[in-house]
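This report refers to the structure that appears directly beneath it.
2 protein chains.
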Amino acid sequence: MNKGDLVELVAADLGGPRSHAEKAVRAVLDAVLEGVERDGSVTLAGFGTFERKHREARPGRNPRTGEALVIPASSTVAFRPAAALKRIDAPSESMVAVAATD
Amino acid sequence: MNKGDLVELVAADLGGPRSHAEKAVRAVLDAVLEGVERDGSVTLAGFGTFERKHREARPGRNPRTGEALVIPASSTVAFRPAAALKRIDAPSESMVAVAATD
DNA sequence: GTTCGACCAGATCACCCTTGTTCATGCAGC
DNA sequence: GCTGCATGAACAAGGGTGATCTGGTCGAAC
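Top to bottom, those sequences are chains A and B. Sequential numbering from 1 applies to the first sequence in our numbering. Sequential numbering from 1 applies to the second sequence in our numbering.
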């Protein structure tokens, strides 16, 4: 799913025109990045937490040549999903039971 | 930073009332979850990709008791940030140069 | 007021991360 | 609406890193 489809979903939710939903999507994404840049972390209850993580330099390897190299330290944005959207998958053996229950 | 602050940023961006921005934030977050559920992944160019990742069951351990246990298979939502928001930190040796340049 | 998130402990395994290319697609501008 | 540009995905291999378990409480957020 790409941004266009997401905009359609947002438009369906907000009920307004797609152009408005598109602006809303951009505004939210930009605000998240802004918040991460400013505060270092953005916590959205029930959704997850975006946080800027500093990664130490560490030894890496060029997968093409196999040559060892040093991956420089970098800052990236990590996302920790809220517990609400972690779903425990039923074990394979229970799938039959689930199917029977369902 | 919490959801309220994010809403304020979005409101400042959209220019509308905060109540409207709050609805927009909820709509976007909900749409992302909806998209992940539907399609398995949501790609936002310049921001990142949300994708549902299936994690196999694996042996774990209760950190309190040290007792071994099996972590059941689960599905979670992972976020891969776009290359644009990965920032390479200057090496320590360059910090002096940066300081000198700055 | 209620619920949700963070924290911490220790051990372990999955996965992320590098390079570099190309192609295709998505996005945005005209 | 079309085109152009930019960005994402995939692959290959290996090692380091972090995510993960529980759980109770406190504080903040909703």
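We put the CB at the ideal spot given by N, CA and C, even for glycine.
Determine the burial state of P17(A): buried for a count of at least 16 other Cβ atoms within 10 Å of its Cβ, exposed for fewer. Here residue 17(A) corresponds to residue number 17 of the first sequence, with the count starting at 1. Counting Cβ neighbours within 10 Å, P17(A) comes out exposed, since fewer than 16 surround it.
For L69(A), count neighbouring Cβ atoms within 10 angstroms of its own Cβ and tell me buried if that reaches 16, exposed if not. Working through the first sequence from its first residue, we reach residue 69(A) at position 69. Classification of L69(A): exposed, given that the 10 Å Cβ count is below 16.
Would V10(A) and A12(B) qualify as a contact pair, given that the criterion is a beta-carbon distance under 8 angstroms? Translated into the one-based positions of the first sequence, residue 10(A) becomes position 10. Translated into the one-based positions of the second sequence, residue 12(B) becomes position 12. Going by C-beta atoms, V10(A) is not nearer than 8 angstroms to A12(B).
Under 8 angstroms between beta-carbons, which chain B residues line up against R38(A)? List them in chain order, please. On the first sequence, position 38 is the one that residue 38(A) refers to. Near R38(A) (Cβ distances below 8 angstroms), the residues of chain B are M1.
Within chain A, partners of R18(B) - CB distance below 7 angstroms: Locating residue 18(B) in the second sequence gives position 18, counting from the first residue. Chain-ordered listing is empty here: chain A has no CB closer than 7 angstroms to the CB of R18(B), the nearest sitting near 12 angstroms.
Hey, would you say R58(A) sits closer than 8 angstroms to I71(A), going by beta carbons? Residue mapping note: residue 58(A) aligns to position 58 of the first sequence, counting from 1. Residue mapping note: residue 71(A) aligns to position 71 of the first sequence, counting from 1. It is a contact, given that the beta carbons lie within the stated cut-off.
What separation, rounded to the nearest whole angstrom, lies between the Cα atoms of A27(B) and N2(B)? Within the second sequence, the letter at position 27 stands for residue 27(B). Within the second sequence, the letter at position 2 stands for residue 2(B). Taking the straight line from one Cα to the other gives about 17 angstroms.
Against chain B: residues of the segment 66-90 of chain A by CB proximity under 7 angstroms: P72, A73, S74, S75, T76, V77, F79, P81, L85, K86, R87, I88, D89
List the residues of chain A that E34(B) touches, going by C-beta distances under 7 angstroms, in chain order. Reading the second sequence from its first residue, position 34 is the one you call residue 34(B). By Cβ distance, chain A contributes L9.
Suppose the cutoff is 7 angstroms on Cβ atoms and the five residues either side in sequence are ignored; what does the same chain contact list for G35(A) look like? Mapped onto the first sequence, residue 35(A) falls at position 35. So the list reads V42, once near-sequence residues are dropped.
What residue ranges within the segment 7-89 of chain B form continuous alpha helix (DSSP H) runs of no fewer than 4 residues, ordered along the chain? 18-39
Coarse secondary structure for M1(A), derived from DSSP in three states: Walking along the first sequence from the start, residue 1(A) turns up at place 1. Coil at M1(A), not helix or strand.
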